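So the structure is just underneath, and the comments pick up after that.
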Amino acid sequence: MLEEKYGMPFEDFYEIVESLQEHKLVERGFDWDEIYEDFSKWVDAALKLGKLKKADERWVKVFP
Numbered sequence: 004m005l006e007e008k009y010g011m012p013f014e015d016f017y018e019i020v021e022s023l024q025e026h027k028l029v030e031r032g033f034d035w036d037e038i039y040e041d042f043s044k045w046v047d048a049a050l051k052l053g054k055l056k057k058a059d060e061r062w063v064k065v066f067p
């Protein structure tokens, strides 16, 4: 489902989620429970933290 909706393998999302957890989302103003319930909010959080970018309707990981 995630792969179809966002055009990215689940493994990539999992890696991003782990990275976001390391960035202490709650301290940055994100509601942890709310994000966990709705994966699209992980995408929003990843975008705000510069971990994702949108390219031609597909999501691409951004590496520092």
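Everything in the sequence shown is counted per our numbering, starting at 4 for the first residue and increasing by one.
For each residue, glycine too, the CB sits at the ideal point set by N, CA and C.
As the structure is a computational prediction, the values presented were derived from the model and not from experiment.
Within 10 angstroms of the beta-carbon of residue 54 lie 16 or more other beta-carbons, which makes it buried.
Bounds of the alpha helix (DSSP H) holding residue 50 are 42-51. Restricting attention to 36, 20, 12 and 34, the CA atom closest to the CA of residue 46 is found in 20. Inter-residue distance for residue 32 and residue 14 is about 26 Å (C-alpha atoms, whole angstroms).
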